[in-house]
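One structure is given here, and the rest of the page talks about it.
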Amino acid sequence: MYANPTTMMLDDDQSSSKTSTTIAPLLRKIAKKSRKAGRKLLNRTTTIVSDQTSSTTPPSTSLYSSTFVPTTRIKSKSISNRLKDTLSTSISTISPTSTTSNTVENFVNNFTSTTTIDPSTIPLHSFNDTSHQILENLNQTATNLILEHNSSHLYHQPHFNHHAQQHFDSFEKDPATSFTDSGWLFDWSQHEFVIPELRTLPTPIIVLVAIAVIFLLWIAIKIFQALWIFFFCNMLGFGAKWCPGPDSWAIVTGSTDGIGLSYAKAMAKKGYCLLLISRNQQKLEKVQVNILNDFPQCPQVKILAVDFCSDTIYKRIAEEIYALNGHVHVLINNVGMAYKYPEYFTKILDSEKFISDILNCNILSVTKMTHICLPLMEARRSGIIINVASFSALFPTPLLTLYSASKIYMDYFSRALSAEYAKRGIIIQSVLPYYVSTNMIRNPGISLMVPSADQFVHAALKTVGVQTRTYGYFAHNILAFFQNFFGKFIVGNSLNTQIAFKKMKRFRKGCYKRKGLAHKF
1 MYANPTTMML DDDQSSSKTS TTIAPLLRKI AKKSRKAGRK LLNRTTTIVS
51 DQTSSTTPPS TSLYSSTFVP TTRIKSKSIS NRLKDTLSTS ISTISPTSTT
101 SNTVENFVNN FTSTTTIDPS TIPLHSFNDT SHQILENLNQ TATNLILEHN
151 SSHLYHQPHF NHHAQQHFDS FEKDPATSFT DSGWLFDWSQ HEFVIPELRT
201 LPTPIIVLVA IAVIFLLWIA IKIFQALWIF FFCNMLGFGA KWCPGPDSWA
251 IVTGSTDGIG LSYAKAMAKK GYCLLLISRN QQKLEKVQVN ILNDFPQCPQ
301 VKILAVDFCS DTIYKRIAEE IYALNGHVHV LINNVGMAYK YPEYFTKILD
351 SEKFISDILN CNILSVTKMT HICLPLMEAR RSGIIINVAS FSALFPTPLL
401 TLYSASKIYM DYFSRALSAE YAKRGIIIQS VLPYYVSTNM IRNPGISLMV
451 PSADQFVHAA LKTVGVQTRT YGYFAHNILA FFQNFFGKFI VGNSLNTQIA
501 FKKMKRFRKG CYKRKGLAHK F
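Under full-length UniProt numbering, the residue at position 32 of the sequence shown is numbered 32, and the numbers go up by one with no gaps.
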């Protein structure tokens, strides 16, 4: 418990034949000030009772009912010496009585070197009207000691037992000068580390400034992390260890256009054999020819045309994979489908088929393909699985409810498996891209926030083996940071959901208008 120093002085209007509380309360204050300097001095204390007595009548020992009981000695010689010097100087100057000087000096010596002090031996009557000067001198010295030592001992506050706590709570404080016990802890302005310009500012302003500085430092750290991941980490050799070769295969689903095609070309460039799985046979054949022509380091390219909206294709896919000459080292689950336009759940056209298709294509495909390939990787204790989800997995997206929910499944599925198989040499990554210029979003123009598929994949591959969950692109990573911070930690995901809802309603209204349909809801 801390309290602000107060001055204990005699009332100037009192008669010279009277003396009020003087040395005994003063010594109690010295003990408190020594404690506040960071010295664990008092374990318990009781109120020292004193009474006004005549200057001609020596005080009775019975007036003093208790003593100070320090648990440890004051370890700082400078503190005790300065108090003794001040007391001795004051006594010799004001009241040079030999008995008084020796008695009080002995008291201070005992106070700083013994375990029990009995203040009843101090002859208060010897000080008379000059006691207020001694009080003033000692109080000023003790106050200066506090100001000198409080910063270095702020974090070494003494702990008191229950009885001492009750006594300290009952101490009288001057309302004009005293702090509350909790308020004193925030009296930061006296600390040596505070620059002079800040000492005069109110504490709330300093707290706000500190919060702002911490927030800016946090943002700087996040930006540095993004720069490290996307620009320097891969350059310095961190990340996944790719193992291309004539018997090393990379399987890519949804590989005829967009992000899937870019992943296929990136694997071919590294020198992997490719198994491309998609729905359109003609597109697959075209991609096969182009990759073999553009990337001579790619040993071979196989294709398999299946519709992932069906749940009966996986036996055929498994047979094709098991028949590969070599081993499967990379699986990229990119296949997926989305809404043609934002729509309310009960208003989706041909909803029975759509619900079955999107669940099979977005959820069943990633689950079954992983179930087929993961045991092959586990047997070799080496492999990379990349599951392409979506930025919409960050929060629920109304009017794209099934799509958003399916991508959330992919994200959690990937992150959970990553934790399961991290120690078995298998990397499993969840990729959450924002807008990328592909057919799925009607090929918007390329910009800082909307990269091409090749740009996105080039950046995303740098994060493999570094992040188990990535946004793939530097600008998308920064956007996700602010969206997560303000949307999740400040106001909650409900803000993101409401913003997305309004945006999807505008898209829906535009689609209805272009089709000449009546807009409802």
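All residues carry an ideal CB built from backbone N, CA and C; glycine is no exception.
As assigned by DSSP and simplified to three states, the class of residue i
{"i": "Q297", "result": "coil"}
{"i": "R469", "result": "strand"}
{"i": "S392", "result": "helix"}
{"i": "F186", "result": "Confidence is the limiting factor: at F186 the pLDDT is only 42, short of 50, which leaves the residue's position unreliable and the question unanswerable from this model."}
{"i": "Y452", "result": "The question names Tyr, yet the displayed sequence has Ser at residue 452. Strand at S452."}
{"i": "I408", "result": "helix"}
{"i": "G383", "result": "strand"}
{"i": "A240", "result": "coil"}
{"i": "L432", "result": "coil"}
{"i": "residue 526", "result": "Shown here, the chain extends from 1 to 521; a query on residue 526 therefore has no answer."}
{"i": "A305", "result": "strand"}
{"i": "I321", "result": "helix"}
{"i": "G287", "result": "Residue identity differs from the one stated: residue 287 is Val in this sequence, not Gly. Helix at V287."}
{"i": "L331", "result": "strand"}
{"i": "I499", "result": "helix"}
{"i": "I372", "result": "helix"}
{"i": "Q52", "result": "Its pLDDT being 35, under 50, Q52 is placed unreliably in this model, and the value from its coordinates should be taken loosely. The answer is coil: DSSP assigns Q52 none of H, G, I, E or B."}
Contact under 8 Å by Cβ, residue i with residue j
{"i": "I313", "j": "L275", "result": "no"}
{"i": "V466", "j": "C233", "result": "yes"}
{"i": "S414", "j": "I428", "result": "yes"}
{"i": "L394", "j": "F501", "result": "no"}
{"i": "S437", "j": "N334", "result": "no"}
{"i": "T253", "j": "I372", "result": "no"}
{"i": "A220", "j": "N477", "result": "no"}
{"i": "D307", "j": "N439", "result": "no"}
{"i": "F507", "j": "Y344", "result": "no"}
{"i": "A475", "j": "M449", "result": "yes"}
{"i": "I303", "j": "Q288", "result": "yes"}
{"i": "C309", "j": "D350", "result": "no"}
{"i": "C243", "j": "S382", "result": "yes"}
{"i": "F231", "j": "K269", "result": "no"}
{"i": "E378", "j": "I321", "result": "no"}
{"i": "L292", "j": "A305", "result": "no"}
{"i": "V330", "j": "M267", "result": "yes"}
Span of the alpha helix (DSSP H) around residue i
{"i": "I313", "result": "First-last for I313: undefined, no H or E at that position."}
{"i": "I446", "result": "Run containing I446: none; DSSP gives neither H nor E here."}
{"i": "I211", "result": "T203 to L227"}
{"i": "I358", "result": "S351 to L359"}
{"i": "Y263", "result": "G258 to K270"}
Span of the beta strand (DSSP E) around residue i
{"i": "W249", "result": "S248 to T253"}
{"i": "S278", "result": "C273 to S278"}
{"i": "L479", "result": "Unbroken run through L479 is the alpha helix (DSSP H), F474 to N484; no beta strand (DSSP E)."}
Whole-angstrom C-beta distance between residue j and residue i, which should lie under 8 Å
{"i": "G326", "j": "W218", "result": "Actually they do not touch by this definition, with Cβ atoms about 46 Å apart."}
{"i": "C298", "j": "G271", "result": "7 Å"}
{"i": "residue 529", "j": "V464", "result": "No answer is possible for residue 529: it lies beyond the span of the chain, which begins at 1 and ends at 521."}
{"i": "Y434", "j": "Y471", "result": "7 Å"}
{"i": "K462", "j": "G237", "result": "Not really, about 12 Å apart at Cβ, beyond 8 Å."}
{"i": "T497", "j": "P396", "result": "5 Å"}
Any chain C beta carbon closer than 8 Å to residue i
{"i": "I372", "result": "Note that chain C does not occur in the displayed structure, where there is just one protein chain."}
Original post:
Are the segment 256-265 and the segment 451-469 in contact at 8 Å, needing three or more beta carbon pairs?
Top reply: yes
Original post:
Touch check for the segment 314-329 and the segment 266-283: three-plus C-beta pairs under 8 Å?
Top reply: yes
Subject >> Three-pair Cβ contact test at 8 Å for the segment 391-411 versus the segment 355-366 >> reply: yes
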